[in-house]
Amino acid sequence: MTCNRTVKRPTRKYTLVVVVVVVVVVPVVVVVVVVIVVVVVVVVIVVVVVVVVVVVVVVVVVVLSSSDQNNWSQTLRGFPLKAYFSPMLISYLFFKHLVVAQLLLLVVVVVVVVVVVVPVVVVVVVVVVVVVVVVVVVVVIVVAIVGLVVVIVVVEIEILYRKQTYTILIHKISLNRYANYIGRH
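Quick note: the sequence shown uses the numbering used here, first residue 6, plus one each step.
In structure tokens, the structure reads:
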């Protein structure tokens with residue numbers, strides 16, 4: 006009976022594949038997905054803001070162009086010169102063109118929102134997304150390291166177990182040979 010004393014270690018290629026996938030591929034995929042989501046959100050916000058501004062400007066232009074251009078001159082034609090600054094005339098003109106004034110106020114509000122609020126919201130969203138990405142990547146890397154340690158420990162335990170089993174088997178075979186040898190002599 007022959008005995009092979011070499012102990013074959015199990016291959017570690019699958020361990021390397023697991024390490025590469027968990028430590029490299031997963032964080033890269035997560036970062037790419039989050040960057041794509043951030044870009045899409047920013048593009049949607051910009052498109053919505055541009056559409057709102059264009060709609061408001063078009064409404065103001067349509068209202069101003071549809072109102073009678075000669076309204077002011079026709080209104081002032083029947084008044085004497087000193088009555089041009091009377092409170093009645095000013096209030097009449099103000100209430101007559103209140104819609105235009107409201108639309109102009111709306112344009113001012115929209116411009117303020119576009120110039121001040123939207124950039125702040127975009128910056129806050131980007132900062133929050135970046136923080137979430139960093140946290141996710143850190144968690145993924147920690148999980149990958151823990152998983153790698155577990156895999157290495159399991160593989161080493163398996164190797165030690167096989168080595169010990171082979172050693173015990175070799176000792177048994179050697180003892181049996183020795184006993185057979187003693188028994189023959």
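Quick reminder that beta carbons are idealized off the backbone N, C-alpha and C, glycines included.
Bear in mind the structure is a predicted one, so any value in this text is a computation, not a measurement.
Legend entry - Touch test, the segment 131-149 against the segment 22-32, Cβ-Cβ under 8 Å, three pairs minimum: Touching, yes.
Inset, instruction - Look at the alpha carbon of Arg167 and the alpha carbon of Val40, and state the distance between them as a whole number of angstroms. - result: Answer to the nearest angstrom: the Cα atoms are 47 Å apart.
Inset, instruction - Answer with buried or exposed for Val59, where buried requires no fewer than 16 other C-beta atoms within 10 angstroms of its C-beta. - result: With a 10 Å radius around the Cβ and a threshold of 16 neighbouring Cβ atoms, Val59 comes out exposed.
Legend entry - Length of the line joining the Cα atoms of Gln74 and Gln107: Any answer about Gln74 is weak, because its pLDDT of 48 lies below 50 and its placement is not dependable; what the coordinates show is given next. Distance between the alpha carbons of Gln74 and Gln107 is about 18 Å.
Legend entry - C-alpha gap between Glu163 and Thr172, whole angstroms: Computed Cα separation, rounded: 14 Å.
Legend entry - Rounded C-alpha distance that separates Val126 from Gly152: Their Cα atoms are separated by approximately 38 Å.
Legend entry - Val57 versus Val37: straight-line alpha-carbon distance, rounded: Taken atom to atom, the span from the alpha-carbon of Val57 to that of Val37 is near 30 Å.
Legend entry - Exposure label - Val131; buried when at least 16 CB within 10 Å: So Val131 counts as exposed.
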